[in-house]
Amino acid sequence: YKKKTKNPLKSESDEQKEITQRPKGDNKIQYLLTCIGFAVGLGNVWRFPYLCQTYGGGAFLIPYVIALVFEGLPLLHMELAIGQRLRMGSVGVWSSISPYQGGVGVASMLVSFLVGLFYNMILAWILWYFFHSFQSPLPWRDCPINISVNYFWYRETLNMTPNIETSGSLQWWLVLCLASAWCIVYICFIRGIETVGKAIYATATFPYLVLTIFLITALTLPGASDGLIYLFTLNWETLKNPKVWLDAATQIFFSLSLAFGGLIAFSSYNPQKNNCERDALIVGCVNSFTSIYASIPIFVILGFKANENNNNCQNWNILTLTNAFNIGVGNITLENYGEWLNYLNKTDPSEVESLNLKACNLQTFLEEVASGTGLAFILFTEAVIEMPASQVWAVLFFVMLFCLSLSSMFGNLEGVLTPLLDLHIVPPWIPKEAFTGLICLISFAVALIFTLGSGNYWLEIFNSYVGSVPLLIIAFFEIIAVAYVYGINRFNDDIEWMTGRRPNIYWQATWRFISPFMLLVVFVAYVVIEAEKQPTYNAWNPDYVHYPLADVLHYPEWVFAICVLLSILPVVAIPLVAFYKFMCFLKNYTMNRHNQNPYANEYCHGEL
1 YKKKTKNPLK SESDEQKEIT QRPKGDNKIQ YLLTCIGFAV GLGNVWRFPY LCQTYGGGAF
61 LIPYVIALVF EGLPLLHMEL AIGQRLRMGS VGVWSSISPY QGGVGVASML VSFLVGLFYN
121 MILAWILWYF FHSFQSPLPW RDCPINISVN YFWYRETLNM TPNIETSGSL QWWLVLCLAS
181 AWCIVYICFI RGIETVGKAI YATATFPYLV LTIFLITALT LPGASDGLIY LFTLNWETLK
241 NPKVWLDAAT QIFFSLSLAF GGLIAFSSYN PQKNNCERDA LIVGCVNSFT SIYASIPIFV
301 ILGFKANENN NNCQNWNILT LTNAFNIGVG NITLENYGEW LNYLNKTDPS EVESLNLKAC
361 NLQTFLEEVA SGTGLAFILF TEAVIEMPAS QVWAVLFFVM LFCLSLSSMF GNLEGVLTPL
421 LDLHIVPPWI PKEAFTGLIC LISFAVALIF TLGSGNYWLE IFNSYVGSVP LLIIAFFEII
481 AVAYVYGINR FNDDIEWMTG RRPNIYWQAT WRFISPFMLL VVFVAYVVIE AEKQPTYNAW
541 NPDYVHYPLA DVLHYPEWVF AICVLLSILP VVAIPLVAFY KFMCFLKNYT MNRHNQNPYA
601 NEYCHGEL
């Protein structure tokens with residue numbers, strides 16, 4: 001990659017000096033932890049287990065591993081190699097390959113900004129629960145409603161409105177937590193990679209310690225083995241469902257934080273003579289291992305809760321049968337419940353049918369899906385109540401989530417700041433610390449929408465539409481730019497210069513054919529599946545007896561328009577920048593023909 005001179009008066013040696021003086025991390029371990037911390041996030045702890053549960057456990061691991069090998073690792077290696085070779089952020093990297101590709105970097109920057117908005121709101125929720133974890137008893141243990149943990153989440157924390165059209169007011173406690181979250185991110189990020197590198201030692205390693213402690217403790221809970229069996233049981237029929245393969249491909253893609261620009265930014269602080277291939281394999285494998293490792297304690301707790309729910313269901317039936325048939329209290333137990341039920345069904349089936357007994361089935365409770373925030377703020381908080389010294393476990397759990405969120409926020413913010421600083425659009429009289437603070441302040445102001453009573457609805461929209469289609473499109477243009485615009489052979493030469501050996505046949509095949517094809521297939525499949533249905537959302541309904549259940553509502557037209565806008569807004573930069581460059585080319589061609597300005601081409605291209 002020969003970097004184009006941005007100014008006709010600046011020499012090549014001046015630019016090389018800028019690259020040489022670029023900040024660096026303290027050591028290689030720090031860099032790897034930074035990349036791992038960015039890639040490993042809340043998606044590993046709640047989205048991956050949710051998908052495993054949705055598709056019946058272990059069967060999901062097969063398409064997941066295939067997607068990792070043929071989609072995730074090749075793209076990860078490519079991004080780390082590009083950032084390391086050019087030592088620039090995403091905008092500078094893709095502009096250097098081709099002026100017409102500068103929009104790819106702008107798109108990555110916009111996605112990082114938009115994702116950072118709602119990601120830090122999750123960090124604010126975690127802080128709110130963390131502050132309440134020191135109370136005894138835990139505040140979500142005893143609430144004035146049937147299901148206490150749900151009440152504390154939906155009413156005490158979110159104070160949710162019944163639908164997205166009812167905005168509600170700003171929740172002052174969430175505003176304070178959001179402000180605290182952005183202050184923490186700013187303090188850790190105040191001097192860029194220099195301060196992030198220090199914080200990452202704790203934020204990237206502590207979650208593994210907590211997960212291990214949770215695993216050891218959870219294995220002692222009754223019903224733990226049922227959860228493990230459910231996780232590792234292969235249901236081969238599931239693999240016939242095309243959506244399993246689609247979700248596996250998108251999960252590995254989003255889990256590795258590809259196309260955000262953060263990995264390119266982090267690797268740009270590396271020495272150019274560094275084995276980026278080994279780094280990609282380490283980061284990719286650690287990320288996938290973390291997903292599986294985090295799923296084990298989650299499914300163990302799921303097994304525990306499923307057994308509890310099944311026992312509670314049977315106890316309710318036992319009490320009903322005891323009262324209806326005048327059976328002595330204590331004669332029907334959990335151990336002989338099945339025998340009694342069979343006996344009564346034979347002797348008086350009409351009476352048993354009239355009682356409307358609950359359907360109690362352990363497998364059904366295991367298959368009850370809890371996704372996203374429900375997994376963290378409902379399933380885990382409910383399980384913590386049953387543990388001895390529950391305050392300690394609550395504190396540990398939310399500190400773990402805090403570390404996962406914070407390390408991922410470093411990557412999102414880096415994906416915004418590094419391209420902006422590399423573009424030299426920040427006046428030299430503004431210190432970097434002040435500019436970082438300005439970005440955090442703007443982000444906080446925009447993210448106030450998530451602190452409204454309808455904030456959780458908007459967060460789900462941002463999560464679904466910003467973190468899906470735009471990333472697929474960006475990654476497709478990235479790999480096309482490297483393999484077919486810059487040229488795969490020249491890219492191989494650069495990797496050989498950095499690592500000492502040329503990429504093998506596996507990398508060649510995936511970069512040239514397999515990865516672009518998989519991205520295209522996933523994108524088309526995603527669009528087809530979404531086009532077949534009208535978008536809906538789960539609206540909170542506080543009027544149900546078994547509080548709270550959801551009403552499935554269709555998005556209003558104006559909200560759906562915002563969903564479409566969020567999907568296309570980042571990637572619009574790709575054709576717009578390309579069109580701008582083409583118009584510059586035409587203008588420069590005309591001016592140069594008349595010898596009006598021999599440097600017009602350089603000025604028109606500017607920093608892009």
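In UniProt numbering, the protein residues as written are 1 to 608. Glycine included, each C-beta is placed from N, C-alpha and C at the ideal position. No experiment lies behind these values; they were computed from the predicted model shown.
Around the Cβ of residue i, are there at least 16 other Cβ atoms within 10 angstroms (buried) or fewer (exposed)?
i	result
T233	exposed
A509	exposed
H77	buried
Y547	With a pLDDT of 49 at Y547, under the threshold of 50, the modelled position of that residue is not reliable, and the figure given next carries that caveat. Label assigned to Y547: buried.
I126	buried
Q363	exposed
C183	exposed
V545	In this prediction, V545 has a pLDDT of 45, which is less than 50 and means its spatial position is unreliable; what the coordinates show is noted afterwards. Exposed, because fewer than 16 other Cβ atoms sit within 10 Å of the Cβ of V545.
L441	exposed
A389	exposed
S354	exposed
K2	In this predicted model, K2 has a pLDDT of only 38, less than 50, meaning its place in the structure is not dependable enough to derive any value.
A561	exposed
A445	exposed
Q135	exposed
Y31	buried
G262	buried
Could you tell me how far apart the beta carbons of residue i and residue j are, in whole angstroms, since I believe they sit closer than 8 Å?
i	j	result
I252	E71	6 Å
P575	G92	Contact flag wrong, Cβ pair sits at about 20 Å.
I449	G455	6 Å
M387	T217	7 Å
A578	G103	6 Å
W94	A481	6 Å
Y119	N412	6 Å
S133	A475	That pair is no contact at about 38 Å.
V149	I378	5 Å
V522	L246	6 Å
Looking at C-alpha atoms only, which residue of the options is the closest neighbour of residue i?
i	options	result
residue 661	M160, N241 and I184	For residue 661 there is no data in the structure shown, the boundaries of the chain being 1 and 608.
M439	I187, T590, E496 and F266	Strictly speaking, residue 439 in this sequence is Ile, with Met absent from that position. Cα-wise, what sits closest to I439 is I187.
C313	F325, T333 and V149	T333
T220	P242, F304, R141 and C285	F304
N310	H424, A249, K358 and K587	K358
G227	I296, L281 and V466	I296
residue 624	Y230, Y31 and I122	No answer is possible for residue 624: the residues shown for the chain start at 1 and end at 608.
N270	Q534, T34, V521 and A561	T34
E557	A376, P542, V571 and P535	P535
C360	V106, G338, K28 and P63	G338
residue 634	I474, S408, L114 and Y526	Because the chain spans 1 through 608 in this model, residue 634 falls outside it and cannot be assessed.
A324	F130, V352, A306 and A445	V352
A383	T157, S225 and V300	V300
M121	Y154, A259, P99 and A181	A181
R87	W173, A204, K533 and F266	F266
D348	N336, E335, L321 and N331	L321
S257	V559, G415 and E335	G415
N463	C563, T290 and P503	C563
L421	V329, E478, E308 and S268	S268
W511	Y484, Y526 and S167	Y484
F289	P49, M583 and V552	P49
N489	L423, P503, T499 and F477	P503
L366	L114, W316, I298 and S136	I298
E308	S443, G223, Y100 and N287	G223
L123	K587, A376 and V572	A376
### Message
Under 8 Å: do the stretch 555-572 and the stretch 466-478 share three or more Cβ pairs, one atom per stretch?
### Response
yes
### Task
Jot down the residue ranges of each uninterrupted beta strand (DSSP E) in the stretch 93-129, minimum 3 residues, whole runs only, in chain order.
Counting only runs of 3 or more, we get nothing.
### Whole beta strand (DSSP E) elements within the stretch 35-93, 3-residue minimum
Given a length threshold of 3 residues, the stretch 35-93 has no whole run of the beta strand (DSSP E) inside it.
### Cβ contact (3+ pairs, closer than 8 Å) linking the stretch 426-444 and the stretch 276-291
The stretch 426-444, when compared against the stretch 276-291, does not touch it at the 8 Å Cβ threshold.
### Task
Counting only runs of 4+ residues fully inside the stretch 478-547, write out the alpha helix (DSSP H) ranges in chain order.
488-499, 505-509 and 515-531
### Three-pair Cβ contact test at 8 Å for the stretch 74-88 versus the stretch 483-498
yes
### Query
Which residue spans inside the stretch 277-335 form an unbroken alpha helix (DSSP H) run of at least 4?
none
### Task
Tell me the start and end of each unbroken alpha helix (DSSP H) in the stretch 187-239 that is at least 4 residues and wholly inside, in chain order.
193-218 and 224-232
### Query
If you pair each beta-carbon of the stretch 339-350 with each one of the stretch 397-409, do three or more pairs fall below 8 Å?
no
### Message
Three Cβ pairs or more, each shorter than 8 Å: is that satisfied between the stretch 244-251 and the stretch 403-411?
### Response
no
#### Entry: Every unbroken alpha helix (DSSP H) inside the stretch 427-462 [4 residues or more]
432-447
### Message
For the structure I just gave you, are there three or more beta carbon pairs, one from the stretch 513-533 and one from the stretch 110-124, closer than 8 Å?
### Response
no
### Message
Going residue by residue through the stretch 358-427, where are the continuous alpha helix (DSSP H) segments of at least 4 residues, counting only ones entirely within it?
### Response
362-366, 380-385 and 390-422
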